[in-house]
Amino acid sequence: MIDNVQNNLQIIDHQDARIGSVTYDLVSLLYDRVKVVPSKEWIVEKQTFFLKEREQCGLERIEQQTFIREFCLQAIQRCLKAAGSFSHHAFFSSESRYIVYIEPAFQIVLQNCQALGRFKNLQKIILREVASIRSQFSPSNKTCSLYIRV
214 MIDNVQNNLQ IIDHQDARIG SVTYDLVSLL YDRVKVVPSK EWIVEKQTFF LKEREQCGLE
274 RIEQQTFIRE FCLQAIQRCL KAAGSFSHHA FFSSESRYIV YIEPAFQIVL QNCQALGRFK
334 NLQKIILREV ASIRSQFSPS NKTCSLYIRV
């Protein structure tokens, strides 16, 4: 983050200097490490703002439907990876502070699968695993294990 000459806070993220999806950084900013899943209305508001700002900066116009589809796919990929990373940290490295991020990551994946109307088997797995997380974990049980059964 930087503070420019006009005292405006700006964020610079170069995706590890790789070419990637235009939605990658927005998905990251909106969904990384959340404890509560953002509302659909809030997400749509941020997507709309992002698309308008792109155009005002003279960048190529992206059709909203194309953008939303790509956003959903990116959210699924990114949040599945995050859920796996949080699970590893929480259960194999004994870093329990990551547990609070696992279920929201799965919920975000589920929402985006449903928005696309795709990945029915993945949705079933996530619903099962979220139920498992809820039944296995309580604040007094920090030794539970999470194994995704595929």
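Take 214 as the starting number for the sequence shown in this note's numbering and just add one per residue.
Beta carbons: idealized from backbone N, C-alpha and C, even for Gly.
Exposure label - residue i; buried when at least 16 CB within 10 Å
i       : result
Ser-300 : buried
Asn-325 : buried
Glu-308 : exposed
Leu-239 : buried
Glu-273 : exposed
Glu-254 : exposed
Leu-340 : exposed
Leu-364 : No answer is possible for residue 364: the residues shown for the chain start at 214 and end at 363.
Thr-261 : exposed
Thr-236 : buried
Phe-304 : buried
Delimiting residues of the alpha helix (DSSP H) encompassing residue i
i       : result
Lys-313 : With the sequence shown as reference, residue 313 is identified as Val, and Lys is not the correct amino acid for it. Here the alpha helix (DSSP H) through Val-313 covers 312-329.
Cys-270 : That residue, Cys-270, is in no alpha helix (DSSP H); it is neither H nor E in DSSP.
Val-240 : 237-244
Gly-297 : 277-304
Ser-348 : 333-349
Neighbourhood of residue i by C-beta, 7 Å cutoff - its chain only, sequence neighbours within 5 removed
i       : result
Ile-321 : Tyr-244, Val-250, Ala-288 and Cys-292
Leu-286 : none
Phe-319 : Ala-296, Ile-339, Glu-342 and Val-343
Ser-241 : Arg-291
Rounded Cβ spacing between residue i and residue j (contact assumed at less than 8 Å)
i       : j       : result
Gln-276 : Ser-234 : The sequence given here places Glu at residue 276; Gln does not occur at that position. 15 Å between Cβ atoms; not a contact.
Gln-336 : Gln-327 : 7 Å
6 Å Cβ shell around residue i - same chain, five flanking residues per side excluded
i       : result
Phe-263 : Leu-239
Phe-332 : Cys-326
Given 8 Å as the limit, is there contact between the segment 315-332 and the segment 265-272, that is, 3 or more CB pairs closer than that?
no
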